[in-house]
Amino acid sequence: MSGRAVRLRHALIVVWTIAMIIFVYLPSVSIALASLTSSRYFIFPITRWGLDWWRKTLDSLEIHRILETSIVIAAVVTVVAIVLAFFGALAFARYDWKGRAWYQKVILLPIFFPQSVLGLALLLWFNAMGLQLSWQTAVFAHLVWIVPVVTLVISIQVYSFDPALEEAAYDLGASRLQVLREITIPVLMPGIFSGGLFAFLLSWGNFPLSLFTTGADTTVPEYLYAKMVAGYTPGVPVLGTIATVGAIVVLIGGYLVMLLLNRRRQAGAEETNEGEDHAHVA
Amino acid sequence: MVGRDGVILFLKGLTKTFAGRPAVDAVDLEILEGELFTIVGPSGSGKTTLLRMLAGMETPTAGDIVLRGERINDIPANRRPTCMVFQSLALFPHKEVGANIEFSMKIRGIDAATRKRRALELMKLLRLPEAYYGRAVTRISGGERQRVALARALAYEPEILFFDEPLSALDYKLRKTLEKELKDIHRETGKTFVYITHSLEEAMVMSDRIGVMRDGKLVQIGTPQEIYVAPNSKFVSEFIGDVNIFPVRVTGPGKLVSGEVPGEIAGPPVSDGLHEGYLVVRPEFLRFLAKPEDADNHVVGRVYNEYALGSRIQYHVRAGELTFVLEKLRHEAFEGSLDQEVTIGWDAANSIVVPDR
Amino acid sequence: MSASGFRISAGGRSALPVLALLLIGFAVPLATVIGFSLMPARTFGLSHPPTFENYISIYESTTYISLLWSLGLAAATVVILILISYPVAYGLVRVFGRWSTLITLLFVIPLFVSENVRLYGWLLFFIKNGVLLGTLKSLFGVEWDSILFTKGIVLFGMVYVHIPYMLFPLTLGISMVPEETREAAFDLGASRWQVFREVELPLSLPGLIIGCLLTFVLAVGAIAESKVLGGQVVIPIAHDIEIAFTYAQNWPLGAALSVLLMLIVGVLVLLALRRFDLDRFLGRR
Chain A
1 MSGRAVRLRH ALIVVWTIAM IIFVYLPSVS IALASLTSSR YFIFPITRWG
51 LDWWRKTLDS LEIHRILETS IVIAAVVTVV AIVLAFFGAL AFARYDWKGR
101 AWYQKVILLP IFFPQSVLGL ALLLWFNAMG LQLSWQTAVF AHLVWIVPVV
151 TLVISIQVYS FDPALEEAAY DLGASRLQVL REITIPVLMP GIFSGGLFAF
201 LLSWGNFPLS LFTTGADTTV PEYLYAKMVA GYTPGVPVLG TIATVGAIVV
251 LIGGYLVMLL LNRRRQAGAE ETNEGEDHAH VA
Chain B
283 MVGRDGVILF LKGLTKTFAG RPAVDAVDLE ILEGELFTIV GPSGSGKTTL
333 LRMLAGMETP TAGDIVLRGE RINDIPANRR PTCMVFQSLA LFPHKEVGAN
383 IEFSMKIRGI DAATRKRRAL ELMKLLRLPE AYYGRAVTRI SGGERQRVAL
433 ARALAYEPEI LFFDEPLSAL DYKLRKTLEK ELKDIHRETG KTFVYITHSL
483 EEAMVMSDRI GVMRDGKLVQ IGTPQEIYVA PNSKFVSEFI GDVNIFPVRV
533 TGPGKLVSGE VPGEIAGPPV SDGLHEGYLV VRPEFLRFLA KPEDADNHVV
583 GRVYNEYALG SRIQYHVRAG ELTFVLEKLR HEAFEGSLDQ EVTIGWDAAN
633 SIVVPDR
Chain C
640 MSASGFRISA GGRSALPVLA LLLIGFAVPL ATVIGFSLMP ARTFGLSHPP
690 TFENYISIYE STTYISLLWS LGLAAATVVI LILISYPVAY GLVRVFGRWS
740 TLITLLFVIP LFVSENVRLY GWLLFFIKNG VLLGTLKSLF GVEWDSILFT
790 KGIVLFGMVY VHIPYMLFPL TLGISMVPEE TREAAFDLGA SRWQVFREVE
840 LPLSLPGLII GCLLTFVLAV GAIAESKVLG GQVVIPIAHD IEIAFTYAQN
890 WPLGAALSVL LMLIVGVLVL LALRRFDLDR FLGRR
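Line order of the protein sequences matches chains A, B and C.
As numbered in the numbering used here, residues 1 to 282 make up the first sequence, in order.
As numbered in the numbering used here, residues 283 to 639 make up the second sequence, in order.
As numbered in the numbering used here, residues 640 to 924 make up the third sequence, in order.
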């Protein structure tokens with residue numbers, strides 16, 4: 001572990017990571033740049049800069065409808081996923097019950113599964129049952145994949161939940177419902193919040209499941225895809241950037257909210273200093 | 283003082299700063315070959331940082347570490363002739379007992395048969411059953427894991443063994459047993475052990491010499507006897523445990539006054555230049571007196587409570603604002619009752635005055 | 640917990656909603672697919688007598704080639720991702736310190752942007768007169784052919800899209816190697832490489848396995864990469880299934896292809912997760 005070799009290795013790791021970050025964001029930057037041209041075609045370097053396409057896209061009614069569809073689906077998925085996954089997480093990490101080991105593995109199955117195949121399977125099943133495909137079937141499809149993910153996210157928080165807190169509340173006379181409302185949910189709130197954030201964002205950005213199960217309705221990723229393969233439209237980079245920036249804003253906003261809540265919790269808990277050990281002073 | 287007889291490890295001005303603050307502050311120390319030296323101190327005193335510098339896990343900010351006359355500051359941990367037993371033991375969970383012990387030998391390319399022989403020898407020395415050789419380290423008890431960690435370190439055949447509070451995670455009974463076993467193994471192997479702990483009691487049991495550490499500095503070095511009988515400061519006095527201590531001023535040779543105790547106090551000889559400080563009387567030197575004249579100093583108070591401590595009983599006697607702590611062996615127990623008025627006292631020769639440090 | 644008689648424990652009751660969802664939304668559709676795979680070709684109900692003709696036709700036609708391509712590309716994706724993600728994962732655990740949270744966040748964000756949007760950016764980057772070629776042309780006067788619509792670019796896209804799915808499990812795995820255990824190995828004389836081989840690699844294996852499994856399983860179903868970047872040069876198996884369900888109107892064939900894929904995925908998942916202690920991996924202290 002000689003100092004110089006270690007420092008060199010660490011420097012290389014830093015450089016590689018920066019390169020990876022650039023690699024990851026390069027396409028998004030390209031799209032953002034492409035959205036800023038006012039010409040009809042994409043030729044780089046951009047000669048005619050302008051926000052014309054931004055204006056056109058934000059004014060378009062069709063785009064509004066599509067954004068609305070995506071948001072509604074994501075919102076419904078978030079609410080339902082939180083409720084189901086909350087209890088699912090308790091079953092995963094809190095209670096010791098007979099089927100728990102089996103249950104933990106079963107939860108993972110929709111996650112370790114090729115999404116497009118899941119979407120196609122649901123498509124087949126919906127068709128076989130004669131169901132009309134719409135944003136509602138898409139919500140259901142999203143849930144099948146997202147609820148397990150959110151369950152895992154909340155479970156991570158539940159692992160550090162001290163069961164003695166609930167037991168103490170019972171001991172002090174609370175009913176089951178009161179314990180849930182006063183103790184369990186508030187204490188697990190950070191995990192629930194992260195889970196909700198995950199649910200919203202995963203639904204918002206989902207492509208394979210939406211592609212096969214929305215039917216006549218269209219989400220933002222689907223619309224973009226249709227436009228992409230049809231030929232170049234400058235509106236696509238604009239909407240793509242909106243979708244990307246929207247996700248980033250929600251994620252960072254959610255993260256900041258969590259930091260704030262965390263800081264307030266800690267401030268409340270840090271009232272007492274550590275006591276010093278006093279020898280037996282006469 | 284390079285090469286002085288008996289000194290195996292020599293530290294000079296050893297310092298480590300983190301973000302401008304010194305965790306270890308210009309420490310000078312000589313460790314003698316073959317001794318069991320313990321560094322004791324409260325959490326945050328810098329003892330772990332010091333040990334890690336000696337083992338090679340941290341680089342010193344300043345100062346020298348000299349092993350047998352050679353400066354080893356720049357030698358990395360895997361090439362120092364030293365080995366550490368970690369606080370968490372750091373056993374390799376994916377290897378069995380035998381493989382853990384043999385690790386350093388495997389690294390050096392020693393053949394399997396020789397490794398196994400040596401491992402079994404060490405297991406025997408550390409009283410581990412031979413059947414454990416192939417057992418997973420996760421399936422043996424806490425005390426046994428300690429021994430595996432020690433065997434693994436000994437297999438490296440280091441010049442010095444470092445111990446980072448290895449017993450602090452164990453329960454009381456196990457700790458007491460292992461303290462003594464470690465001391466036995468030290469005697470049997472004859473190697474130099476440098477041990478750190480926050481428990482002075484543990485240090486007293488095991489060590490040849492002790493260094494008391496506070497805020498990055500070594501404040502006193504001596505044998506357990508010296509530390510116990512002649513602490514050099516208020517800090518060290520209180521660190522040892524229950525003690526009677528109150529502020530005094532020196533008014534003349536052998537004469538002290540205190541705001542806490544009425545009248546003049548007959549005191550021990552005090553070093554020049556020490557005009558005020560604290561008087562320290564150990565609990566076993568306080569006595570119940572039939573009459574005040576039975577001791578050099580006496581105080582009147584009431585017995586507030588008594589505490590059974592195994593072979594001894596501890597009494598708390600309240601006199602005014604002070605609570606005095608006395609300890610008696612069981613067969614010399616105090617015959618009276620609680621809240622009874624008593625006279626207690628001590629002799630000047632059994633007390634010591636320490637500076638306020 | 641549970642009293643006498645038939646009472647479901649608290650854990651069982653909590654699990655019911657999720658299990659119900661998975662039953663209706665996962666188990667039943669997949670069973671339906673299996674059922675359809677055994678129906679005669681180009682039929683649309685489950686009332687016909689079962690037959691294996693779809694599986695036979697997959698073997699006899701060249702459709703299984705796209706299955707092999709998908710498997711091969713997915714495997715290549717996994718290998719490449721291990722190599723390029725490992726340094727980053729190592730950095731997140733042992734090098735970046737306070738910056739780790741921020742850097743993790745940066746790598747998390749792409750998870751929430753749909754993959755076709757991200758791939759589109761590469762399209763704009765690599766296309767004729769796009770960011771790369773356009774810059775080269777205007778700065779150096781060089782005119783190169785676009786590398787789009789090749790098998791290589793499809794692999795490139797797959798690697799790109801699946802970075803988070805390898806990175807995060809790998810990071811979790813590396814973080815499971817206790818620092819003191821590493822130090823102990825050094826202390827006992829091991830060189831850097833020996834510490835890696837004897838301690839770090841074995842102890843981070845669970846994370847590595849999860850990362851490989853997750854990446855492979857998701858990559859095998861990849862469809863957007865070839866559609867956006869690759870044109871028709873490679874038809875992955877998911878695309879074949881889609882064609883069977885939609886244009887070709889041959890549900891049973893699509894179902895049979897799906898079943899093959901499910902079998903492969905299912906076997907891998909079962910093998911890898913069989914001896915996994917999820918409690919220890921996810922955080923029970």
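Think of the CB as a built atom: it goes at the ideal place given N, C-alpha and C, for glycine as much as any other residue.
Three-state secondary structure assigned by DSSP to residue i
{"i": "D307 (chain B)", "result": "strand"}
{"i": "H643 (chain B)", "result": "Examination of residue 643 (chain B) is not possible in this model, given that chain B is present from 283 through 639 alone."}
{"i": "L443 (chain B)", "result": "strand"}
{"i": "F835 (chain C)", "result": "helix"}
{"i": "V718 (chain C)", "result": "helix"}
{"i": "F746 (chain C)", "result": "helix"}
{"i": "D171 (chain A)", "result": "helix"}
{"i": "L12 (chain A)", "result": "helix"}
CA-to-CA distance, residue j to residue i, given in whole angstroms
{"i": "I347 (chain B)", "j": "I107 (chain A)", "result": "56 Å"}
{"i": "L842 (chain C)", "j": "H878 (chain C)", "result": "38 Å"}
{"i": "I248 (chain A)", "j": "G205 (chain A)", "result": "11 Å"}
{"i": "G328 (chain B)", "j": "L762 (chain C)", "result": "57 Å"}
{"i": "A32 (chain A)", "j": "V24 (chain A)", "result": "14 Å"}
{"i": "S643 (chain C)", "j": "S653 (chain C)", "result": "With a pLDDT of 43 at S643 (chain C), under the threshold of 50, the predicted position of this residue should be treated as unreliable, though the coordinate-derived value follows. When rounded, the distance between both Cα atoms is 19 Å."}
{"i": "F319 (chain B)", "j": "R491 (chain B)", "result": "5 Å"}
{"i": "L109 (chain A)", "j": "E484 (chain B)", "result": "53 Å"}
{"i": "D59 (chain A)", "j": "L669 (chain C)", "result": "42 Å"}
{"i": "I283 (chain A)", "j": "S203 (chain A)", "result": "Lying outside 1 to 282, the shown extent of chain A, residue 283 (chain A) is not represented and no answer is given."}
{"i": "Y694 (chain C)", "j": "A121 (chain A)", "result": "17 Å"}
{"i": "T218 (chain A)", "j": "T69 (chain A)", "result": "7 Å"}
{"i": "E167 (chain A)", "j": "V187 (chain A)", "result": "14 Å"}
Any chain C beta carbon closer than 7 Å to residue i
{"i": "A433 (chain B)", "result": "no"}
{"i": "A359 (chain B)", "result": "yes"}
{"i": "D621 (chain B)", "result": "no"}
{"i": "M366 (chain B)", "result": "yes"}
{"i": "I43 (chain A)", "result": "yes"}
{"i": "F385 (chain B)", "result": "yes"}
{"i": "S450 (chain B)", "result": "no"}
{"i": "Q115 (chain A)", "result": "yes"}
Alpha helix (DSSP H) segment containing residue i, residue limits
{"i": "Q136 (chain A)", "result": "W135 to Y159"}
Chain B within 7 Å of residue i, Cβ atoms only
{"i": "E819 (chain C)", "result": "yes"}
{"i": "R923 (chain C)", "result": "Note that R923 (chain C) scores 49 on pLDDT, short of 50, meaning its location in the model is unreliable and no value can be drawn from it."}
{"i": "P845 (chain C)", "result": "no"}
{"i": "F825 (chain C)", "result": "yes"}
{"i": "P841 (chain C)", "result": "yes"}
{"i": "E881 (chain C)", "result": "no"}
Residues of its chain near residue i, where Cβ-Cβ distance is below 7 Å and the 5 sequence neighbours each way are ignored
{"i": "F884 (chain C)", "result": "W890 and G893"}
{"i": "Y159 (chain A)", "result": "A93"}
{"i": "Y759 (chain C)", "result": "V867"}
{"i": "H557 (chain B)", "result": "R531 and V532"}
{"i": "M640 (chain C)", "result": "Below a pLDDT of 50, predicted positions are generally treated as unreliable, and M640 (chain C), at 43, falls in that range; the measurement from the model is reported next regardless. These residues qualify, in order along the chain: S648 and A649."}
Close Cβ partners of residue i (< 6 Å) along its chain, the five nearest in sequence each way excluded
{"i": "E609 (chain B)", "result": "P565, E566, R594 and Q596"}
{"i": "E312 (chain B)", "result": "V289 and F292"}
Start and end residues, beta strand (DSSP E) containing residue i
{"i": "E558 (chain B)", "result": "E558 to V563"}
{"i": "H580 (chain B)", "result": "N579 to L591"}
Residue-chain proximity (residue i, chain A), Cβ-Cβ < 7 Å
{"i": "T671 (chain C)", "result": "yes"}
{"i": "P668 (chain C)", "result": "yes"}
Same chain, Cβ closer than 8 Å to residue i, five either side skipped, listed in chain order
{"i": "P324 (chain B)", "result": "H480, R496 and F521"}
{"i": "K377 (chain B)", "result": "F385 and V419"}
{"i": "T605 (chain B)", "result": "Y586, H598 and V599"}
{"i": "A216 (chain A)", "result": "L133 and S134"}
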